[in-house]
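Enquirer: Let me give you the structure first, and then I'll get to my questions.
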Amino acid sequence: MRSSGFSYNRLFSLVGLLLLLLPATATAKEVVVLLDPNVRPYVEALAGFKLTSVANTKVFARKEDGDLSDERAMIGAIRARKPDQILVIGSEAMLALAGEVTDIPILFVMVLNPHDRLQVMPKNMTGVSMSVAPERQMKVLSQLLPDVKRVAVVYDPDQSKALIRRGEKACLAVNQQLLAKQVKSTTEAVEQAKLLLAEQNTAYWMIPDQLMRSRDVVRYLFFTAREQNRALIGLSDKYVRAGALFAFTVQNETLGRQVGELSNRMLADRNMNHFPIEMARDADLSINLKVAKKMGITVPETLLRQARVSK
Numbered sequence: 424m425r426s427s428g429f430s431y432n433r434l435f436s437l438v439g440l441l442l443l444l445l446p447a448t449a450t451a452k453e454v455v456v457l458l459d460p461n462v463r464p465y466v467e468a469l470a471g472f473k474l475t476s477v478a479n480t481k482v483f484a485r486k487e488d489g490d491l492s493d494e495r496a497m498i499g500a501i502r503a504r505k506p507d508q509i510l511v512i513g514s515e516a517m518l519a520l521a522g523e524v525t526d527i528p529i530l531f532v533m534v535l536n537p538h539d540r541l542q543v544m545p546k547n548m549t550g551v552s553m554s555v556a557p558e559r560q561m562k563v564l565s566q567l568l569p570d571v572k573r574v575a576v577v578y579d580p581d582q583s584k585a586l587i588r589r590g591e592k593a594c595l596a597v598n599q600q601l602l603a604k605q606v607k608s609t610t611e612a613v614e615q616a617k618l619l620l621a622e623q624n625t626a627y628w629m630i631p632d633q634l635m636r637s638r639d640v641v642r643y644l645f646f647t648a649r650e651q652n653r654a655l656i657g658l659s660d661k662y663v664r665a666g667a668l669f670a671f672t673v674q675n676e677t678l679g680r681q682v683g684e685l686s687n688r689m690l691a692d693r694n695m696n697h698f699p700i701e702m703a704r705d706a707d708l709s710i711n712l713k714v715a716k717k718m719g720i721t722v723p724e725t726l727l728r729q730a731r732v733s734k
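Residues are numbered in the numbering used here as their position in the sequence shown, beginning at 1, plus a constant of 423.
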C-alpha cells in the first residue's frame, strides 16, 4: 500500500514549534530607554533595570547638556518603534518627554523630587524617586534620640515642597514636629538654619535639593552639629563619614531593579492609575558611632545589625 505522503510526526513537530514560537511573539515587549551613556550612575541604573525587566530594551543616547531640543527631536524615532513603554533616566530626560509624549507609558528613574520638578505630573508618567521615604528616616531618629521632638529643615519650595509635606506627616507619626522654612538663597538658608537650631533638642534633616550643593550651607550644618552636639540626618554614607549621625544611601543599580519591577507590573496591567510614584525602597543605613558616643547615644542592637557603621 502506497503512503499518502502525510506524516503525523511531521505535523506534530510543526504544531509543537508553533506553540513555542507564538507565545514569545505575542508577549514580546519593548522598552525604549533614553539616557546619557556617559553618566556612570545612569548606566548603573540601566544595568539594574535590565536584570529585572522582562522586556527587550532599545537605548537612545542623549547628552546631559540642559538643551532638551535634541531629545524632543528623537520623539519621532521613538514613536516609530511603537514601544510598550519609555524609560527616561535622569531629570533632563524626564523633562524632555513630559507632556510631549502622552500616549505611551513613561517611567523615570534617577530623579530627585519628581513632583516638584514637573509641578503637574502627566497622567502617563510614573517611576521611582531617588529620595528615601521620610518615614524611615524619622523612625530611625526616634530610635536613636527618643527625646528629640523637633526636626529642622530649610528648603527650596520649587524643588522640595512635596517632600516636606510628606516629612511633616512622618514626624507626626513618631511624635515629632517638623520645623520647615522656605528659602530662596544660600544666605537665607544659613540664617534660617541658625534660627531653627537655636532651639535645644532639635535635629536637622538634610534633604536632596539645590541648597545641599552650597558649601556655605553644608559647612554651617556640620560646624553646628559638631560644636552644639546636634544630630544631622545626612544624605548618604559620605555625609555620615563627614559627621552626620546617620543616613540612608541609595544604590543606582538597586533603583534600576526597582523601576524594572515596576515596569513589569505595568506591562501586565496597563491601568496607569494603579501605579503611583515610588520612593527608593532599598537603601543602606549608615550610623556614625563616634558621633553617637559623643551625643551619649546607645545605638539599639536592632539598628546595629542592619547598619554600616563608621567609627
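Heads up, the beta-carbon is just placed ideally off N, CA and C, and yes, glycines get one too.
Please name the residue, chosen from 640, 639 and 670, that lies closest to residue 654 on a Cα-to-Cα basis.
Expert: Comparing Cα-Cα distances from residue 654 to each of 640, 639 and 670, the minimum goes to 670.
Enquirer: Bridge partners of residue 550, per DSSP?
Expert: Residue 550 pairs with 531.
Enquirer: Tell me residue 509's beta-bridge partners as DSSP assigns them.
Expert: For residue 509, which the question treats as bridged, DSSP gives the partners 455 and 529.
Enquirer: Closer than 8 Å is the cut-off here; do at least three beta carbon pairs connect the stretch 660-680 with the stretch 481-498?
Expert: Because the criterion of three Cβ pairs below 8 Å is not met, the stretch 660-680 and the stretch 481-498 do not touch.
Enquirer: Under 8 Å Cβ to Cβ from residue 498, same chain only, skipping five residues before and after it: list those, please.
Expert: Same-chain partners within the cutoff: 520, 523 and 524.
Enquirer: Please list, in chain order, all residues of the same chain as residue 465 whose beta carbon is under 7 Å from its beta carbon, the five residues on each side excluded.
Expert: 458, 459, 512, 513 and 533, listed in sequence order.
Enquirer: Where in the stretch 621-673 do unbroken runs of the beta strand (DSSP E), each at least 3 residues long, occur, reported from the N-terminal end onward?
Expert: Fully enclosed beta strand (DSSP E) runs of 3 or longer: 625-628 and 669-672.
Enquirer: In whole angstroms, what separates the C-alpha of residue 656 from that of residue 687?
Expert: Rounded to the nearest angstrom, the two C-alpha atoms are 34 Å apart.
Enquirer: Could you please give me the residues that DSSP links to residue 603 through a beta bridge?
Expert: Answer is 576.
Enquirer: Buried or exposed: where does residue 531 fall if 16 or more other Cβ atoms within 10 Å of its Cβ makes it buried?
Expert: Buried, since its Cβ has 16 or more Cβ neighbours within 10 Å.
Enquirer: Would you tell me roughly how many angstroms separate the C-alpha atoms of residue 613 and residue 476, rounded to the nearest one?
Expert: About 44 Å.
Enquirer: Across the stretch 570-587 and the stretch 620-632, are there enough close Cβ pairs to call them in contact, namely three or more that are closer than 8 Å?
Expert: With a cut-off of 8 Å, the stretch 620-632 and the stretch 570-587 count as touching, because enough Cβ pairs lie within range.
Enquirer: Taking the continuous alpha helix (DSSP H) assigned at residue 481, which residues delimit it?
Expert: Taken as a continuous stretch (DSSP letters only), residue 481 belongs to no alpha helix (DSSP H), being part of the beta strand (DSSP E) at 479-484.
Enquirer: Use the C-beta contact count for residue 549: other C-beta atoms within 10 angstroms, 16 or more gives buried, fewer gives exposed.
Expert: Residue 549 comes out buried.
Enquirer: Which residues in the same chain as residue 641 place their Cβ atom closer than 7 Å to its Cβ, once the five residues preceding and following it in sequence are excluded?
Expert: Once the five neighbours on either side are set aside, the close Cβ partners of residue 641 are 635.
Enquirer: Mapping DSSP to helix, strand and coil, what is residue 715?
Expert: Correct three-state label for residue 715: helix.
Enquirer: Report the rounded CA-to-CA distance for residue 647 versus residue 705, giving the unit in angstroms.
Expert: Each residue's alpha carbon lies about 30 Å from the other.
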